[in-house]
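Only one structure is covered here, and it is reproduced in the block below.
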Amino acid sequence: MPQPPKRSNPTQPEQSTGPEVDATAQTSTSQTSSEPIDLISFTTEAYRNVVAATRNCNAFPQGAARSLYLSYPGYARMLEEQSQRVLGLINKVLKTENISGDIKRRQGDEQLEMVQECNDILFERITTNLDIISGLRRGNPHMVVETQVDVQSTSRAATSTITKETPRAGSWNRYSTAPGTPSRSMVSARLFTAQNIMRPQMQFKVPVDNSAQNPFKPRLKEKPNSLKPLALLPEYDDAGNVVSFLHPYEFELLKFEPPKEQLQKQKPLLPAPPAQTELMLVDSVETLKQALEELRQAPQIAIDVEHHSYRTFMGITCLVQMSTRTKDYIFDTLTLREDMHILNLVLTDPKVLKILHGGDLDIEWLQRDLSLYIVNMFDTHRAAKALNMARLSLAFLLKHYLDLDVDKSLQLADWRMRPLPQKLIDYARQDTHYLIYVYERLTNDLLQAEQGQPQALRMVYQMSTEVCKKRYTKPHIGPDSHLDLVRKTKRSFDNRQLSALRGIFVWRDATARQEDESYGYVLPNHMMLQIAESLPREMQGILACCNPIPPLVRQQLHTLHQIVLRAREQPLVKPILEACNNITGPVLLQTTNKDYNSKLNCPHDFSHQEETRDDLPTLLGRNETGKLQRPSKPRLEAPLVPLVAPTLSLFKRQTASTQEEQLRWVRARKESQTMRMPYKRYMAILPLMQQQKLEQTAKENNELLKRRLCPAEPAPVNIKLEITTKEEEDPLYKLPLKEQLKRKHQPTADQPSLAKRNKNEEKPSASMSGLKPKIKSEPIPAITQTSNGEDSEDDDVLEVPIEKSATENPTPVLSRRQQKRQEKNKRFKAKERMQAQSSNKPVQLPTNTATAQNFDYKNVDFRQFQGGAKRAQGTEIKSQIRGKSRHNNRNNKQFNKLFTFSKINKERKK
Ligand code: AMP
Ligand code: MN
Ligand code: ZN
9 MPQPPKRSNP TQPEQSTGPE VDATAQTSTS QTSSEPIDLI SFTTEAYRNV VAATRNCNAF
69 PQGAARSLYL SYPGYARMLE EQSQRVLGLI NKVLKTENIS GDIKRRQGDE QLEMVQECND
129 ILFERITTNL DIISGLRRGN PHMVVETQVD VQSTSRAATS TITKETPRAG SWNRYSTAPG
189 TPSRSMVSAR LFTAQNIMRP QMQFKVPVDN SAQNPFKPRL KEKPNSLKPL ALLPEYDDAG
249 NVVSFLHPYE FELLKFEPPK EQLQKQKPLL PAPPAQTELM LVDSVETLKQ ALEELRQAPQ
309 IAIDVEHHSY RTFMGITCLV QMSTRTKDYI FDTLTLREDM HILNLVLTDP KVLKILHGGD
369 LDIEWLQRDL SLYIVNMFDT HRAAKALNMA RLSLAFLLKH YLDLDVDKSL QLADWRMRPL
429 PQKLIDYARQ DTHYLIYVYE RLTNDLLQAE QGQPQALRMV YQMSTEVCKK RYTKPHIGPD
489 SHLDLVRKTK RSFDNRQLSA LRGIFVWRDA TARQEDESYG YVLPNHMMLQ IAESLPREMQ
549 GILACCNPIP PLVRQQLHTL HQIVLRAREQ PLVKPILEAC NNITGPVLLQ TTNKDYNSKL
609 NCPHDFSHQE ETRDDLPTLL GRNETGKLQR PSKPRLEAPL VPLVAPTLSL FKRQTASTQE
669 EQLRWVRARK ESQTMRMPYK RYMAILPLMQ QQKLEQTAKE NNELLKRRLC PAEPAPVNIK
729 LEITTKEEED PLYKLPLKEQ LKRKHQPTAD QPSLAKRNKN EEKPSASMSG LKPKIKSEPI
789 PAITQTSNGE DSEDDDVLEV PIEKSATENP TPVLSRRQQK RQEKNKRFKA KERMQAQSSN
849 KPVQLPTNTA TAQNFDYKNV DFRQFQGGAK RAQGTEIKSQ IRGKSRHNNR NNKQFNKLFT
909 FSKINKERKK
């Protein structure tokens, strides 16, 4: 080595043991891998060599001794030769790792850098291999990536809803961390996807038609169970263009009547758990035919669909799940896309009941991709709605009827993954496995709700049949679609910005159709609005609006830039003039009768803006000098509508007031003029706060009850209203403070309600003082998504570091080591923040209310409350200040400052 490590003593005894300890540690960890013997012997051998080499290196003379030895030409030559040899060996290794440059020609520092770079690459390969060995990437041609996202609990957006991401992948030893608790109205979902998934649309036998001109056309070739023969009837617009096609089973659905047995009471049969139920994975035509034969025997079939909508324009049906009473089926609809239609034999059979949960989209997806239609459907979502259930999700129904807690977090998984991971199979199964049982229970509940009459049940069938009549239509944009977006964001755009937005909108639509990608993938809305709003002059500015930069934006940056530049060139039109133009302009009138872009229709107040003119014609006339004339007499002599006198008036005096009212006024005035000590005010507000809390608890209990016994009559709420008014004038307040406290905290016979309430509360003082407004209420069942303030606070803290580290961000290419270092820093910072947060929290006092109530104030030494200055002069405080607790130091310093300051003041006074 040219630069041997400098050590004072070349033969340190512990040097030989040091690396050997490491070696044994290494061998013990490597024992867990798949080839233990080879790896152990290899690493042991390697370590032995490394230790020997290090020892030999260290044995060379160093420092002054080295200079002395080098003066011998023989030694110098030998050293030079060996150095060159070692460098040659290192160079070979570097070349195999594609590190450019010749190490022999570099200086010492640069040589070290090259070796470090090589090490980084090697380490990265090692961790990747460990990932594979640990199972994260085993058996799967593509790397599975799991990320956590928060999505709105109710929305079911067509495009991607990736809002926040929590990297959970990339580190093989962190994949088992528990997912965070969902926050208030958001649901945490796991984005279960994989890198380098083959685009399934490449394999489609019939390529997708994303064009805007051609409407979606059903591809049905046969029509089993038909009452009318198959005919794809087009519908035309005024100009004679085909705009859509009629539903192939429209007539059959019109004539459909639910069979008698479906309108009768059912005998619910609890299904065996999935583990004990047969599962058929249908991914070939043979198995499909077999499944069809089996399904034909079933009187009821539960159906669900899994769909992908991010890397496609119209969406792709990836999976169809079906369940009979005894068997579950999972159809791989990526491979069976062109064959699934044979299932129409059962799906359109009016004698076979199909059960779906919220099947609106499923119906559209089935007909669009698989030419599947459904006749005779029972939608459990509609049924739950008809029953006025507290919640309408499948998860809720499963909880309600089967007491099952299902995990819906994999809903947004990338269902294109093949082979389908076991996790996804298990998840997909549970969506239909229990659905027949849920249908039976819902039917019985619907019958019971109408005293055995089937009206409500019929209604559900009618609504479900309407769902079956839904027709798929392609997404399309109108000339004003971009305005909807602006309206939603509540931003105000000028004509240049709007022009840019329209241009980008059209570009995005065309690109998405052509590339078969979703709008969300091409350019998410928020980035599009950002570009249109900032109108960047440079190409770089467009990229700056996007983080991460969508690949298609990068690819077509030039086109986008041209759109923005063209918009920038337009003369800026004053908004109010533009509004006038719009009113007379024929283009906008034809599409929408209200232009929200116009300042006339915009709900915002623009009067403060310079452009707003005040010289527009009004209904008021002008006199000779051009001044506005006031109308000579009011237009309406007598009001057409009987007017009601205002209940409150600033200027009018109430003429007649009753004695009682006057008394009340006097009392109120007196009340407002008397000075009240803060504690008295606190005591006065106490009953009101308690009542509010009681109401809140009652409401929550009620809610809880509703959820449990659904539908249920409202729980009896026992609220005592009179307390507030009575205690307002309580003679108690006239007593000295000490006496008041004493009486308040001694439960007496005539104050039973207060004592009772205190018992229920954890700590009245903390809850009332407003320091900590949100207090953990009683346990809520797992299905509720509401969380208290504390939890959400914690969530925020936990999510911050996670949010910032976006795994998808393609720009920074960091080595594994650097990433790890960063991660470590982030984790450390998050921890710090959490600690800071927790220290900010108000201190929880012991919640023993009994002792609080029986507290004897006679034992209190009230002299202790004589302010801090007196005590501060003593030694105890000072000794505390000099104590070890560092985080108090700053506070103490401030306190000291104050203290000194007050001392100075005192001295000045003297
Ligand atoms: P499910 O009926 O719950 O199994 O959902 C069926 C499909 O609907 C899923 O495969 C998703 O593609 C889609 N989906 C459900 N919920 C959402 C949502 N919140 N956002 C976007 N897509 C959703
Ligand atoms: Mn579904
Ligand atoms: Zn599903």
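In my numbering, the protein residues as written are 9 to 918.
Built from N, CA and C at the ideal position, the CB exists for glycine as well.
From a predicted model like this one, the values you see are computed outputs, not experimental measurements.
(request) Rank V360, P282, Q375 by C-alpha distance to the C-alpha of V328 and give the top, closest one. (result) What you label residue 328 is simply residue 320 of the sequence shown in a count that begins at 1. Selected option, being the one with the closest Cα: Q375.
(message) Quick check: does the Cβ of A436 come within less than 7 angstroms of any heavy atom belonging to the ligand ZN?
(response) Your numbering for residue 436 matches position 428 in the sequence shown. Yes; taking the cut-off as 7 angstroms, the Cβ of A436 has a heavy atom of the ligand ZN nearer than that.
(request) Could you tell me which residues DSSP puts in a beta bridge with V250? (result) Translated into the one-based positions of the sequence shown, residue 250 becomes position 242. Answer by DSSP bridge pairing, in chain order: Y244.
(message) Suppose the cutoff is 7 angstroms on Cβ atoms and the five residues either side in sequence are ignored; what does the same chain contact list for W373 look like?
(response) As a first step, residue 373 is located in the sequence shown; it is residue number 365 there, counting from the start. Closer than 7 angstroms at the Cβ level, and outside the excluded window around W373, lie V313, H315, G323, T325.
(message) Let me check understanding here. Comparing Cα to Cα, which of R510, R715, K478, A60 lies closest to P487?
(response) Here residue 487 corresponds to residue number 479 of the sequence shown, with the count starting at 1. The residue with the shortest Cα to Cα distance from P487 is R510.
(message) Just to confirm, is the Cβ distance from M471 to D387 under 8 angstroms?
(response) Position 463 of the sequence shown, counted from the start, is the residue given in the question as residue 471. Position 379 of the sequence shown, counted from the start, is the residue given in the question as residue 387. Closer than 8 angstroms, so yes.
(message) What would DSSP say about Y690, mapped onto helix, strand or coil?
(response) Counted from its first residue, the sequence shown places residue 690 at position 682. In the structure shown, Y690 sits in a helix (DSSP, three-state: H, G or I).
(request) Find the nearest neighbour of P532 within the set P556, S542, G549, Q522, judged by alpha-carbon distance. (result) For the purposes of this step, residue 532 is identified with residue 524 of the sequence shown, where counting begins at 1. If we check each option's Cα against that of P532, P556 comes out closest.
(message) Can you determine whether any heavy atom of the ligand AMP sits closer than 7 angstroms to the C-beta of E314, and answer yes or no?
(response) The residue labelled residue 314 in the question sits at position 306 within the sequence shown. Indeed, a heavy atom of the ligand AMP lies less than 7 angstroms from the Cβ.
(request) Measure how close the beta-carbons of C126 and L102 come, nearest whole angstrom, since I'm counting them as under 8 angstroms. (result) One-based indexing of the sequence shown puts residue 126 at position 118. One-based indexing of the sequence shown puts residue 102 at position 94. So it is a contact: roughly 5 angstroms between Cβ atoms.
(message) Within 8 angstroms of any Cβ in chain D, is that where the Cβ of Q570 sits?
(response) No chain D is part of this structure, which consists of one protein chain only.
(message) Output needed for V468: all residues of its chain with C-beta closer than 6 angstroms, excluding positions within five of it in sequence on either side, in chain order.
(response) Within the sequence shown, the letter at position 460 stands for residue 468. Contacts found: R390, A391, A394.
(request) Please say whether I571 and A518 have beta carbons closer to each other than 8 angstroms? (result) As a working note, residue 518 is residue 510 in the sequence shown. As a working note, residue 571 is residue 563 in the sequence shown. No, these two residues do not count as a Cβ contact at 8 angstroms.
(message) My parser needs the beta strand (DSSP E) runs of 3 or more residues fully inside the stretch 416-483; what are they?
(response) none
(message) Between R574, L450, V123, which has its C-alpha nearest M397's C-alpha?
(response) Looking up residue 397 in the sequence shown gives position 389. For M397, the closest C-alpha among the options R574, L450, V123 is that of L450.
(message) What does the Cβ neighbour count give for Q119, buried or exposed, with the cut at 16 atoms within 10 Å?
(response) Position 111 of the sequence shown holds residue 119. Result: buried.
(request) Confirm, please, whether the CB-CB distance from F259 to P358 is below 8 angstroms. (result) Translated into the one-based positions of the sequence shown, residue 358 becomes position 350. Translated into the one-based positions of the sequence shown, residue 259 becomes position 251. Taking 8 angstroms as the Cβ cut-off, P358 and F259 do not qualify as a contacting pair.
(request) List the whole-angstrom C-beta distance separating R504 from L543, where the pair is believed to meet the contact cut-off of C-beta under 8 angstroms. (result) Locating residue 504 in the sequence shown gives position 496, where the first residue counts as 1. Locating residue 543 in the sequence shown gives position 535, where the first residue counts as 1. The pair is a contact, with the Cβ atoms about 6 angstroms apart (cut-off 8 angstroms).
(message) For A575 and Q548, what's the separation of their Cα atoms in angstroms?
(response) Position 567 of the sequence shown holds residue 575. Position 540 of the sequence shown holds residue 548. Spanning the two alpha carbons is a distance of roughly 17 angstroms.
(message) I need the DSSP call for F200, collapsed to helix, strand or coil.
(response) Looking up residue 200 in the sequence shown gives position 192. It is a strand residue.
(request) Could you work out which residue in M122, R113, R114 is closest to I107 when comparing CA atoms only? (result) On the sequence shown, residue 107 is found 99 positions in, with the first residue counted as 1. Closest option to I107, judged by alpha-carbon separation, among M122, R113, R114: M122.
(message) Considering Cα atoms alone, identify which of K268, R333, R675 is closest to R304.
(response) Along the sequence shown, one-based indexing puts residue 304 at 296. Cα-wise, what sits closest to R304 is R333.
(message) For a quick check, are the C-beta atoms of A310 and I444 less than 8 angstroms apart?
(response) What you label residue 310 is simply residue 302 of the sequence shown in a count that begins at 1. What you label residue 444 is simply residue 436 of the sequence shown in a count that begins at 1. In this structure, I444 lies closer than 8 angstroms to A310 by Cβ.
(message) At the level of alpha carbons, what is the spacing between A247 and P223?
(response) Working through the sequence shown from its first residue, we reach residue 247 at position 239. Working through the sequence shown from its first residue, we reach residue 223 at position 215. Spanning the two alpha carbons is a distance of roughly 15 angstroms.
(message) Once DSSP output is grouped into helix, strand and coil, what is the label at Q308?
(response) Indexing the sequence shown from 1 puts residue 308 at position 300. In the three-state reduction of the DSSP assignment, Q308 falls in the strand class, which pools E and B.
(request) Take the Cβ of R424 as the centre, count every other Cβ of all protein chains shown within 10 Å, and call the residue buried at 16 or more, exposed below. (result) Counting from one through the sequence shown, the residue named residue 424 turns up at place 416. Looking at its Cβ environment, which holds 16 or more other Cβ atoms inside 10 Å, R424 is buried.
(request) Taking 8 angstroms as the cut-off, decide whether the C-beta atoms of Q284 and E448 are in contact. (result) One-based indexing of the sequence shown puts residue 284 at position 276. One-based indexing of the sequence shown puts residue 448 at position 440. Contact: no.
(message) Need the endpoints of the beta strand (DSSP E) that K362 sits in, please.
(response) On the sequence shown, position 354 is the one that residue 362 refers to. Looking at the DSSP string, the run of the beta strand (DSSP E) that includes K362 is 361-364.
(message) Quick check: the Cα distance between D110 and V94, rounded to an integer number of angstroms?
(response) Numbered from its first residue, the sequence shown carries residue 110 at position 102. Numbered from its first residue, the sequence shown carries residue 94 at position 86. Distance between the alpha carbons of D110 and V94 is about 13 angstroms.
(message) One question on the structure: do N352 and Y381 come within less than 8 angstroms of each other, judged by their Cβ atoms?
(response) Counted from its first residue, the sequence shown places residue 352 at position 344. Counted from its first residue, the sequence shown places residue 381 at position 373. Taking 8 angstroms as the Cβ cut-off, N352 and Y381 qualify as a contacting pair.
(message) With a threshold of 7 angstroms on Cβ separation, who are the neighbours of T567 within its own chain once the five nearest residues in sequence on each side are excluded?
(response) Mapped onto the sequence shown, residue 567 falls at position 559. Excluding positions up to five away in sequence, the list reads W515.
(request) Using only the heavy atoms of the ligand AMP, determine whether one of them is closer than 7 angstroms to the beta carbon of L420. (result) Taking the sequence shown and counting its residues from 1, one reaches residue 420 at position 412. It does: the Cβ of L420 is within 7 angstroms (strictly closer) of some heavy atom of the ligand AMP.
(message) Need the endpoints of the alpha helix (DSSP H) that F259 sits in, please.
(response) Locating residue 259 in the sequence shown gives position 251, counting from the first residue. Here the alpha helix (DSSP H) through F259 covers 258-263.
(request) Identify the continuous alpha helix (DSSP H) that holds I571 and give its terminal residues. (result) As a working note, residue 571 is residue 563 in the sequence shown. First-last of the alpha helix (DSSP H) with I571: 565-577.
(request) Using 10 angstroms around the beta-carbon of K678, count the other beta-carbons present and answer buried if the total reaches 16, otherwise exposed. (result) As a working note, residue 678 is residue 670 in the sequence shown. With fewer than 16 Cβ atoms within 10 Å of its Cβ, K678 is classed as exposed.
(message) Comparing C-alpha positions only, which one of S417, P215, D340 sits nearest to V293?
(response) Here residue 293 corresponds to residue number 285 of the sequence shown, with the count starting at 1. Minimum Cα distance to V293 is reached at D340.
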